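Residues -19 to -1, 1 to 260 in mature numbering (1 follows the signal peptide of the UniProt record, and there is no 0) are what the sequence shown spells out, letter by letter.
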Amino acid sequence: MVNYLILLSFLFEISLGTSENCDKYGILLYEDIGCEGNVKTEEGGCPSSFKCDFNRPKTGCVLKNINFHPGEAISSNLTYSGCMIGCTCEDFDFIRCAILDCPEYLYDLKDGCYNEYVLEKCCATGVICKNETDNEKTCQVDDEIYAIGQKFYPKNTCLECVCHENFTGKYDEKTCTRLNCVSQIHYTEEINRKCAPAYFNFRSNEVLCCPDHFICPDPNDFIKWTYDESKKNSTLECEYGNQKLKYGEGFERRVNKLGKDRHLRCECILPPLVTCREV
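What follows is the structure, encoded as structure tokens:
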């Protein structure tokens, strides 16, 4: 647990403290599954690759680089912010959880009231009702106004934040936390098979946060050079099932997911996995 928290803090600093937005490369998935960023970085300070252990355990489960025995309960500290509770390790690397149905989705709020949240909690912790005469501090983010206790998601980030009285406009650890994808719960088999995370155009195309789908190897995949010619001398490689793609190689795929035909471009841009995004 300690090693995971150190990694999380390191990547939180990377995402906010560099001249380049590292989330546009999809580092959140690697953070989520407990991978280690390569010390060699690009000009903006972003990792150029990650080191991940995709070996399936002989028994038990792995979540965020932590091993669990069959039948062992998994701490809600690892899953609750991702809206999963009551998680238990089954055998063969399968984690069974209950999906949270937050009470606030089951009722309508009275006029002048809103749900109150705290960091790293999926569901609201209470309801706040204000009078029109109340004059308390608010948070202004991306041309929107938020009251104390309201959640907000800054544009072009993979952050979930809560407005508080001491907010100064900085997305620091008192205000924001990284999104918790719990990808190893949703996509256990796909990650172990080294399939490619896929990102659809639901949100800003500036960042790649939690994957919407995974693309697994198909005999019809036509691998070709897709990236900047200057990258051809790179020694980096991506794993895609049992195949290895050189940095800059990729393919295209069409899928029908979530009620829409989607055109995906899949490229080796941040090893060890291939990255797919909707175009």
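For every residue, glycine included, the Cβ atom is placed at its ideal position computed from N, Cα and C.
Values in this document were obtained by computation on a predicted structure and should not be read as measured data.
- For Tyr95, the enclosing beta strand (DSSP E) covers residues Cys94 to Glu97.
- Lys136 carries a coil assignment under DSSP once its states are collapsed to helix, strand and coil.
- Excluding its 5 nearest sequence neighbours in each direction, Thr119 has C-beta neighbours in its own chain below 8 Å: Ile126, Tyr127, Ala128, Ile129 and Cys144, listed in chain order.
- Residue burial is scored here from C-beta neighbours: Gln165 has at least 16 other C-beta atoms within 10 angstroms and is therefore classed as buried.
- Annotation: the continuous beta strand (DSSP E) that includes Thr158 extends over Cys157 to Arg159.
- Beta-bridge annotation (DSSP): Ile126 is paired with Gln121.
- Taking 8 Å as the cut-off, the Cβ atoms of Ser30 and Leu217 count as close.
- Exclusion of the five residues before and after Asn161 leaves Ser62 and Gly63 as the residues of its chain whose Cβ lies within less than 6 Å of its Cβ.
- Annotation for Tyr11: the continuous alpha helix (DSSP H) segment containing it runs Ile8 to Asp13.
- Cys78 places its beta carbon 8 Å or farther from that of Glu53.
- The beta carbon of Asp242 lies closer than 8 Å to those of Arg235 and Val236 in the same chain, with the five residues before and after it left out.
- The alpha-carbon of Cys139 is positioned some 8 Å away from that of Cys191.
- Cβ neighbours of Ile204 within its own chain (closer than 8 Å, five residues either side excluded): Gln224, Leu226, Glu230, Gly231 and Phe232.
- Beyond the five residues adjoining it in sequence on each side, Pro38 comes within less than 7 Å, by CB distance, of Asn48 and Asp74 in the same chain, given in chain order.
- DSSP places Gln131 in the coil class of the three-state scheme, outside both helix and strand.
- About 19 Å separates the beta carbons of Cys83 and Cys110, which is beyond the 8 Å limit, so they are not a contact pair.
- DSSP lists Pro178 as the beta-bridge partner residues of Phe195.
- The DSSP-derived three-state label of Lys5 is helix.
- Separation of the CB atoms of Glu12 and Lys32 is rounded to 13 Å, and the pair is thereby denied contact status at 8 Å.
- Under the three-state reduction of DSSP, Asn36 is assigned to coil, being neither helix nor strand.
- The segment 37 to 98 is shown to contain whole beta strand (DSSP E) runs of 3 or more residues at 42 to 44, 47 to 49, 65 to 71, 75 to 80 and 94 to 97, in chain order.
- Rounded to whole angstroms, Pro198 and Gly15 show a C-alpha spacing of 23 Å.
- With distances taken between CA atoms, Thr256 lies nearest to His194 out of His194, Ser215, Gly240 and Pro200.
- DSSP links Lys205 through a beta bridge to Gly231.
- Just so you know, the alpha carbons of Thr169 and Val43 end up roughly 9 Å apart.
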